[in-house]
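Each residue of the sequence shown is one higher than the one before, counting from 638 in this note's numbering.
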Amino acid sequence: MSTQELVKPSGEKQVQEERLIGKSFKRKEDLELLTGKAKFTADVDLPKKVYSIFFVRSPVSHAIIRKIDIEAAKSAKGVIAVFTGEDLQGVKMGYWMHYPGMLEPVRGTLAYGKVRYQGEPVVAVVAEDVYLAEDAAHLVSVEYEELPALTDPVKAMDSQPIFDDLDTNILLHDSYSSTKRVEEVLENAPVKIDVTLYNGRTSPQSLEPRVHKAYYDGEWLTIWASTQFPHVVRTYVAECLGFPENRIRVIAEHVGGGFGPKSSVFADEMAVYAIAIKLGLPVSWVETRTEHLLVTGHERDQIHHVRAGFAEDGTLLALHDEIVADVGAGGTFWVEVQPAMVASVSIPGPYKFEHYSFDLYAVATNKAPLSPNIGFGRPVAAFVMERVMDIAARKIGLDPVEIRRRNLVDKSDFPYRNPAGVVYDSGDYKLSLDVLLDLLDYEELRRSKLVVDGKERVGIGISVYSEYTAPSSARLQVNLGWEVGGYEKAVVRVEPTGKATVSLGVLSTGQSHATVYAQIAAQEIGLKFDDVSVIEGDTNTTPYGFGSWASRSMVTAGNAVILASRKVNLKLRRIAAHLLGASPDRVVIREGVAVDSLNPERKLSVAEIAKIAYRIPTKLPEGEEPGLEEHAIYEPPSNTAIVSYAWHGAVVRLDPETGSVRVDKYVVVDDAGVVVNPKTAEGQVHGPVVSQAFLQSFSELKYDERGNLLTTSFWHYPPPTAEDAPAEFRVEHVTSPSPTPGGFKGMGEGGAIGGPAALMNAVADALGELGSSLNKVPMDWREIWALMKRLDK
């Protein structure tokens, strides 16, 4: 059966009659979560006593390990074993990405011979409980010979390599130019912008830190992991530990926030699995919040020196970006230079111009290794491009809205290839902008804003981004060098009693999979919403898949569910037609009942059909196989990216006494293609905006010159609270369907992408002419306070 037949099957009338896609069903997940019955990895009870692991981590950022004394720890109360890097030296952690020209330093689990960042695991102590393990860890003595720490990526480019197997700290130098005339156009541009923009280091800080349990019973290695991709963990563990993959089972329970870091495999996690095999005992490691701040989810940390040329009417003519990305002590699994690479091809955003170039340097330093962070380079790109547009607007004398409108890609231009080579599938940027301005009440705010009560200053900021989501295998390999598939598989089964089960290799970390995939399957099969269940998270019971990251789950798995469900629907109608004496084209299935559309009195329930399909196969049409289970694999097209986008608008109020920023109003106009569940989609905007965009706009992970992390608690790296949420928050969806069976686009990361730029532009707007000097996120209240004092004078 061809894909075209599945996309538009005969009898499509029944799909159109009962639209479940697009309705705001209540989340199936909520009751279990809200009543405390949901099970997370730390809640898993293993069949035998579980021993706890505590890691001794390096207190210094760069040093030779001269001596490790573990004897006192080994004899401490309750201690089972103590492991050093020498014990696990045979475990080498390879990369799943090999971008041309990228250097790949050798990585192990526990530090051996040298430490390269503060917090690097050096020793693992295993004891009867975590308290005894931590007590014994304090008895471990490590003698360090400190080396100079590299914390400035620009200086590190010409410094002694931190990796002994490399001869440079520049792990990648990549250059690109869309035309040969970029410099010429920049030189001759009537209006020139030359600005250096900084995006500091941040971490998303999920509510649940990393939690991993493992047990090797002599035959099976079972892993319970708080992860975004259980099947990938299984394959990677098999590769790194040389353990048979067909005897590894990975189980992910509820995950208390992913945000990117849990789509990676860290050195300490692999150490947990290796120790489980060596001991043959159940072991557990629960990351502390301090550990999480030290080593988990570090990203951004980029410097962009931008030169842009504009015509006098505000038309963008050319842009060159020199990027220096601080990747810390390498990367984790498949993240090292990738966030900066994604930023480099995302800089053009939704703007139509021809001449674009970049020089990218990804540089190793003595900071924590990079790991994925929600948005993955795109928030940096949006911040850079949107600051340039605002700075140019002020210099030319245009309203920030007008300079954007004059440069937007038009609806008629799609599919559109941006100057970095990324093809955009669909969109209507100008319509979405009009919706944003209306919801913001932009013109009225422009007339009335400036000073409130003679004290507080009000500013309006907008931003827009384009995010290519759910990259195909070809795009992943060509653009990122990843050895990972861009497809997903769905297995859809109508059970003998007429209910349906959907099995998937993706994993929900808060994206409402149990709800939205049930809506899709119910609509396409012809069942009631409550008659569909979704299974994820266990490699023994779900099809192989690559998990949830890059805003890919709905595009890949959602379309796979459509195709598999349509196969089931076709089979149900064939069987029903045979039993009713009708043709399949005449059979319509709605809410679990198959009806002859020309003779509505003739009908059968799906339960009756399913009973025959499984238990009385002699009644099936000739040549029809028993059962009602189908599968489908969907991969996005490789000739275009599935590009979502959104406009963000923020109205902020600055307090001159404290430099604090209060968000009075926040508006997002999002185009994620066809939206399955508007209410959960709205939550997918609210969450990332408040928890991530606000966090990454005002909180920064800071190091001193010796490589010591100064922000090791929420006192120094404060997350947003409900008090920080906007007083008014509006979300509106516009729809430009993608060229996929369901018309879906990804959207889970968008709030974090557009937010920092809109907030920065709003703060800068409130500061008037002095706002153009703001060039870094996260923003510092001290700088805002100082600028407000200058305004007072």
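By construction, the Cβ of each residue, glycine as well, lies at the ideal position given by its N, Cα and C atoms.
Query - Three-state secondary structure (DSSP) of K1067 - result: What you label residue 1067 is simply residue 430 of the sequence shown in a count that begins at 1. Of the three classes helix, strand and coil, the one that applies to K1067 here is helix, per DSSP.
**Report entry** 7 Å Cβ shell around P1052 - same chain, five flanking residues per side excluded
**Finding:** Indexing the sequence shown from 1 puts residue 1052 at position 415. Hits under 7 Å: V1060, Y1061, D1062, T1277.
**Report entry** Contained alpha helix (DSSP H) runs [length at least 4] in the stretch 848-891, N- to C-terminal order
**Finding:** 867-878
Requested in this report: Would you kindly check if the distance between the Cβ of V719 and the Cβ of N1412 is under 9 Å?
Outcome: Counting from 1 along the sequence shown, the entry for residue 1412 is found at position 775. Counting from 1 along the sequence shown, the entry for residue 719 is found at position 82. No. Outside cutoff.
Requested in this report: Output the boundary residues of the alpha helix (DSSP H) element that contains R1042.
Outcome: For the purposes of this step, residue 1042 is taken as residue 405 along the sequence shown, with counting starting at 1. Counting along the chain, R1042 sits inside the alpha helix (DSSP H) bounded by residues 1037-1042.
Requested in this report: Return the Cβ separation of N836 and R937 in integer angstroms, given the expectation that the two are a contact with Cβ distance under 8 Å.
Outcome: Locating residue 836 in the sequence shown gives position 199, where the first residue counts as 1. Locating residue 937 in the sequence shown gives position 300, where the first residue counts as 1. Confirmed, Cβ separation roughly 5 Å.
Query raised in the report: Going straight from the alpha carbon of A1287 to that of D1027, what length do you get?
Result: Working through the sequence shown from its first residue, we reach residue 1287 at position 650. Working through the sequence shown from its first residue, we reach residue 1027 at position 390. Each residue's Cα considered, the two are about 14 Å apart.
Requested in this report: Kindly indicate which three-state DSSP category F1335 falls into: helix, strand or coil?
Outcome: Residue mapping note: residue 1335 aligns to position 698 of the sequence shown, counting from 1. Reduced to three states, the DSSP call for F1335 is helix.
Query raised in the report: Residues in its own chain within less than 7 Å of E1437 by CB, not counting five upstream and five downstream?
Result: Given that the chain is displayed from residue 638 to residue 1430, the structure contains no residue 1437 and the question cannot be resolved.
Query raised in the report: Does DSSP put E1406 in a helix, a strand or coil?
Result: Along the sequence shown, one-based indexing puts residue 1406 at 769. Residue state, collapsed to three classes: helix.
Requested in this report: Give every residue of the same chain whose Cβ lies closer than 7 Å to the Cβ of K674, excluding the five residues on either side of it in the sequence, and list them in chain order.
Outcome: Against the sequence shown, residue 674 aligns to sequence position 37. Excluding sequence neighbours, K674 sits near nothing in its chain.
Query raised in the report: Quick one: Cα of V1327 to Cα of L1068, how far?
Result: As a working mapping, residue 1327 is identified with position 690 in the sequence shown. As a working mapping, residue 1068 is identified with position 431 in the sequence shown. Computed Cα separation, rounded: 25 Å.
Query raised in the report: Looking only at DSSP bridge pairs, what is H1285 linked to?
Result: Counting from 1 along the sequence shown, the entry for residue 1285 is found at position 648. According to DSSP, which records beta bridges pairwise, H1285 is partnered with S1100, V1305.
**Report entry** K1126 versus V1243: straight-line alpha-carbon distance, rounded
**Finding:** Reading the sequence shown from its first residue, position 489 is the one you call residue 1126. Reading the sequence shown from its first residue, position 606 is the one you call residue 1243. Cα to Cα, the separation comes out at about 24 Å.
Requested in this report: Compute the Euclidean distance between the alpha carbons of K650 and G1163, then round it to the nearest angstrom.
Outcome: Mapped onto the sequence shown, residue 650 falls at position 13. Mapped onto the sequence shown, residue 1163 falls at position 526. A caution first: K650 carries a pLDDT of 41, below 50, which makes its placement in the model too unreliable to give a value.
Query raised in the report: Any chance the stretch 685-704 sits against the stretch 779-786, with 3 or more Cβ pairs inside 8 Å?
Result: yes
Query raised in the report: Alpha carbon to alpha carbon, how far is Q1333 from T839?
Result: Position 696 of the sequence shown, counted from the first residue, corresponds to residue 1333. Position 202 of the sequence shown, counted from the first residue, corresponds to residue 839. Cα-Cα distance, rounded: 6 Å.
Report task. Please work out which residues of its chain come closer than 6 Å, Cβ to Cβ, to E959, disregarding the five sequence neighbours upstream and downstream, and give them in chain order. Result -> Numbered from 1 along the sequence shown, position 322 holds the residue referred to as residue 959. Within the same chain, E959 has close Cβ partners H942, D996.
Report task. Could you tell me which residues DSSP puts in a beta bridge with V1368? Result -> Looking up residue 1368 in the sequence shown gives position 731. According to DSSP, V1368 bridges with V1305.
**Report entry** Sequence-distant residues of the same chain with beta carbon closer than 6 Å to L956, five excluded per side
**Finding:** As a working mapping, residue 956 is identified with position 319 in the sequence shown. Closer than 6 Å at the Cβ level, and outside the excluded window around L956, lie A945, Y993.
Query - 7 Å Cβ shell around S1297 - same chain, five flanking residues per side excluded - result: Here the question's residue 1297 lines up with position 660 in the sequence shown. Counting only Cβ-Cβ distances below 7 Å, and skipping sequence neighbours, we find W1418.
Query raised in the report: When we look at the beta-carbon of Y1102 and count the other beta-carbons within 10 Å, is it buried (16 or more) or exposed?
Result: Translated into the one-based positions of the sequence shown, residue 1102 becomes position 465. Label assigned to Y1102: buried.
**Report entry** For S812: DSSP bridge partner residues
**Finding:** In the sequence shown, the residue the question calls residue 812 occupies position 175. Paired residue(s): D996.
Query - Beta-carbon spacing of V932, Y754 below 9 Å - result: Position 295 of the sequence shown, counted from the start, is the residue given in the question as residue 932. Position 117 of the sequence shown, counted from the start, is the residue given in the question as residue 754. In this structure, Y754 lies closer than 9 Å to V932 by Cβ.
Query raised in the report: On the three-state DSSP scale, how would you describe Q653?
Result: If you number the sequence shown from 1, residue 653 lands on position 16. Reliability of the predicted coordinates at Q653 is poor, the pLDDT of 39 falling under 50, and the value obtained from them is presented with this limitation in mind. Reduced to three states, the DSSP call for Q653 is helix.
Query raised in the report: Considering only residues of the same chain and omitting the five flanking positions on each side of V892, which have a CB-CB separation below 6 Å?
Result: As a first step, residue 892 is located in the sequence shown; it is residue number 255 there, counting from the start. Once the five neighbours on either side are set aside, the close Cβ partners of V892 are S863, T1146.
Query - Strand pairing of T1146, partner residues [DSSP] - result: Start at 1 with the first residue of the sequence shown, and residue 1146 comes out as number 509. Looking at the DSSP output, T1146 sits in no beta bridge, so it has no partner there.
Query raised in the report: Does DSSP put Y1154 in a helix, in a strand, or in coil?
Result: Taking the first residue of the sequence shown as 1, we reach residue 1154 at position 517. Residue state, collapsed to three classes: helix.
Report task. Go ahead and pull the three-state DSSP assignment for Y1053. Result -> Taking the first residue of the sequence shown as 1, we reach residue 1053 at position 416. It is a strand residue.
Query raised in the report: Exposed or buried, which one is R656 when buried takes at least 16 other CB atoms within 10 Å?
Result: On the sequence shown, residue 656 is found 19 positions in, with the first residue counted as 1. Exposed, since its Cβ has fewer than 16 Cβ neighbours within 10 Å.
Report task. Output the boundary residues of the beta strand (DSSP E) element that contains N1010. Result -> Indexing the sequence shown from 1 puts residue 1010 at position 373. First-last for N1010: undefined, no H or E at that position.
Report task. Answer yes if the stretch 1041-1058 comes into contact with the stretch 1067-1082, meaning at least three C-beta pairs across the two stretches below 8 Å, and no otherwise. Result -> yes
Query raised in the report: Run through DSSP, which three-state label would G648 get?
Result: Here the question's residue 648 lines up with position 11 in the sequence shown. Residue confidence for G648 is low, a pLDDT of 41 falling below 50, so the modelled location carries little weight; the figure read from the coordinates is stated next. G648 falls in the coil class under three-state DSSP.
**Report entry** Option nearest E1337 by Cα separation, candidates I860, K1302, A1364, P1415
**Finding:** In the sequence shown, residue 1337 corresponds to position 700, counting from 1. Residue nearest to E1337 within the set I860, K1302, A1364, P1415 is P1415 (criterion: CA-CA distance).
Query raised in the report: For E642, does the three-state DSSP call read helix, strand or coil?
Result: Position 5 of the sequence shown, counting from 1, holds the residue named residue 642. The predicted position of E642 is uncertain, since its pLDDT is 32 and thus under 50; a value taken from the coordinates is nonetheless stated next. E642: helix per DSSP, three-state reduction.
Query raised in the report: In this structure, what does DSSP give as the bridge partners for V1311?
Result: Counting from 1 along the sequence shown, the entry for residue 1311 is found at position 674. Looking at the DSSP assignment, V1311 forms no beta bridge with any residue, so it has no partner.
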